[in-house]
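This report refers to the structure that appears directly beneath it.
Numbering (the working numbering), first residue to last: 927 to 1372.
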């Protein structure tokens, strides 16, 4: 039976904020960096463990209450919330679903504009609330889209404002603390609080790392901007992006996808304690945080016994990074899976107008035990970049000695660039663990 796969589609994506757009800081001098007290997508819980959530903006510290605040952009006032400590104003495009910026903790009595008023970059818009706790005087600042029609009734956060503020200088790299005493990282069984010895790891496990950062204010540790991990040993993995504080802020129901909260690795984010325990393996590698990411782990069934080095790199937005590592020992036997991709009528040449080719996939479990694994296909484009996966089967099961054969057709559209391609099949634990791979070349004519 022949099954048709998806077509190559090359898509250009545009962000809410135009490429290259920058904004000034909201305090004078607006052309100088100001410290942060909280970062985007940072874990927060001021309820004593009862309600944890993502911080959906950045807290720009003012140093004192009643400091003047200035608009970072041109726009129209689209929303005002009245109050003293929790007053706020949004300025943006005056349409339902418009884009804009949110300034929170500005007493409404100090606001200089009302809903519908035009505002311009550098206009004085209000003053920072005098914060009653720990002198934490700040403006909570978000990039947003408005919700609930116009005037906006509320908002959704769309990205990390620190990516747009200029200048954005910071000399302090992220830092690591031990996840547990004497260990750089910790290793619970997947989705449990049952922690294993790093000298005797087996099964499906999570990797936990305690990582922080500061942005010009050492009093307030923050989450890092970006985290990657990879594993080197008898079988090595590709680097996998575990976390990036960018894009739309995820729902709070996914907070424990990113942050570990248990008696051993208790993430905390409040005025007194800040410890960020990241679950590095809760990801499918696409940097989008989803509940289904908890299905992923370091599946040591794919790795033969022996010593392995786990590497973790944390980055900030300013080009600073910190790399740390730890050696662990696995006790398993590993996996032996082979894959072959065979074109039906080689050599494969696609005309300039586009076309298709037929091929056969064969996968064999050469091991002594049944195994569930992933199979996927990636395409190397003429410029050397990768496209895909064009196929992803994440739960293939084969018994010991089992074999799977499938015929497939791949379409290549007219707008695919001309040149030499490589069509590659991989098996392992998607996305980072590749046990075996095999593929073939094809050409698209000009």
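Glycine included, each C-beta is placed from N, C-alpha and C at the ideal position.
Beta-carbon proximity of residue i to residue j, cut-off 8 Å
| i | j | result |
| --- | --- | --- |
| residue 1295 | residue 1326 | yes |
| residue 1062 | residue 1197 | yes |
| residue 1212 | residue 1100 | no |
| residue 963 | residue 987 | yes |
| residue 1134 | residue 1039 | no |
| residue 1175 | residue 1029 | no |
| residue 949 | residue 1090 | yes |
| residue 1233 | residue 1222 | no |
| residue 1181 | residue 973 | no |
| residue 1171 | residue 965 | yes |
| residue 1131 | residue 1235 | no |
| residue 1007 | residue 1046 | no |
| residue 1076 | residue 1021 | yes |
| residue 1286 | residue 1333 | yes |
| residue 971 | residue 1195 | yes |
| residue 1058 | residue 982 | no |
| residue 1005 | residue 959 | no |
| residue 969 | residue 1298 | no |
| residue 1272 | residue 1200 | no |
Cβ-based neighbour list, residue i, same chain, cut-off 7 Å, excluding 5 preceding and 5 following
| i | result |
| --- | --- |
| residue 1262 | 1292, 1293 |
| residue 1362 | 1263, 1264, 1265, 1353 |
| residue 1053 | 992, 993, 994, 995, 1032, 1033, 1036 |
| residue 1364 | 1265, 1266, 1267, 1351 |
| residue 1105 | 1111, 1112, 1134, 1135, 1136, 1191, 1203 |
| residue 1281 | 1338 |
| residue 1126 | 1255, 1257 |
| residue 1044 | 1002 |
| residue 1143 | 961, 962, 963, 987 |
| residue 1074 | 1080 |
| residue 1215 | 1176, 1180, 1183, 1184 |
| residue 1056 | 991, 992, 1063 |
| residue 1078 | 1004, 1005, 1016, 1072 |
| residue 1244 | 1094, 1095, 1096 |
| residue 1320 | 1300, 1356 |
| residue 1050 | 994, 996, 1038 |
Beta-carbon contacts of residue i that lie in its chain and below 6 Å, excluding the five residues immediately before and after
| i | result |
| --- | --- |
| residue 939 | Residue placement at residue 939 is flagged as unreliable, the pLDDT there being 28, under the threshold of 50; a coordinate-derived value is accordingly withheld. |
| residue 1290 | 1264, 1329 |
| residue 1260 | 1229, 1230 |
| residue 1348 | 1306, 1365, 1367 |
| residue 1117 | 1220 |
| residue 1249 | 1239 |
| residue 1246 | 1099 |
| residue 1048 | 996 |
| residue 1322 | 1299, 1301 |
| residue 945 | Any reading at residue 945 needs caution, since the residue's pLDDT is 37, under 50, leaving its predicted position unreliable; the model's value is listed next. Closer than 6 Å at the Cβ level, and outside the excluded window around residue 945, lies no residue. |
| residue 1103 | 1136 |
| residue 1318 | 1302 |
Sequence-distant residues of its chain with Cβ nearer than 8 Å to residue i (five each side left out)
| i | result |
| --- | --- |
| residue 1371 | 1275, 1276, 1277, 1278, 1344 |
| residue 1373 | No statement about residue 1373 is possible, as the shown extent of the chain runs from 927 to 1372 and does not include it. |
| residue 1188 | 1114, 1119 |
| residue 1251 | 1110, 1235, 1236, 1237, 1238 |
Integer Cβ distance of residue i from residue j, believed to fall under 8 Å
| i | j | result |
| --- | --- | --- |
| residue 1017 | residue 1009 | Rounded, the Cβ-Cβ distance is 18 Å, inconsistent with contact. |
| residue 1258 | residue 1123 | That pair is no contact at about 15 Å. |
| residue 877 | residue 1183 | For residue 877 there is no data in the structure shown, the boundaries of the chain being 927 and 1372. |
| residue 1085 | residue 1109 | Wrong, their Cβ atoms sit about 35 Å apart, outside the cutoff. |
| residue 1023 | residue 1071 | 6 Å |
| residue 1149 | residue 967 | 7 Å |
| residue 1284 | residue 1331 | Their Cβ separation, rounded to whole angstroms, is 13 Å, which puts residue 1284 and residue 1331 out of contact at 8 Å. |
| residue 1153 | residue 1169 | 4 Å |
| residue 952 | residue 1092 | That belief does not hold up - the Cβ atoms of residue 952 and residue 1092 are roughly 12 Å apart, past 8 Å. |
Heavy atom of the ligand MG within 7 Å of residue i beta-carbon
| i | result |
| --- | --- |
| residue 1224 | Among the components of this structure there are no ligands whatsoever, and the ligand MG is therefore not found. |
Would you call the region 1160-1173 and the region 1355-1364 touching, i.e. three or more CB-CB distances under 8 Å?
-> As far as the Cβ criterion goes, the region 1160-1173 touches the region 1355-1364, which means the pair count is three or higher.
Write down every uninterrupted run of the beta strand (DSSP E) in the region 1252-1339 whose length is 3 residues or greater and which is fully enclosed by it, in chain order.
-> Those beta strand (DSSP E) runs which fall completely within the region 1252-1339 and span 3+ residues are 1263-1269, 1274-1276, 1281-1291, 1297-1306, 1312-1324, 1329-1338.
Can you give, in chain order, each stretch of the beta strand (DSSP E) that sits fully within the region 1053-1099 and has at least 3 residues?
-> For the region 1053-1099, whole beta strand (DSSP E) runs of length 3 or above, ordered along the chain, are 1064-1073, 1080-1085.
Taking three-plus beta-carbon pairs below 8 Å as touching, is the region 1095-1111 in contact with the region 1132-1150?
-> Contact between the region 1095-1111 and the region 1132-1150 is present, because at least three Cβ pairs lie under 8 Å.
Every unbroken beta strand (DSSP E) inside the region 1183-1233 [3 residues or more] | DSSP runs (the beta strand (DSSP E)) wholly in the region 1183-1233: 1203-1205.
Segments of 3+ residues assigned as beta strand (DSSP E) that fall wholly inside the region 950-998 | Listed in chain order, the complete beta strand (DSSP E) runs (minimum 3 residues) inside the region 950-998 are 962-964, 968-970, 979-981, 984-987, 994-996.
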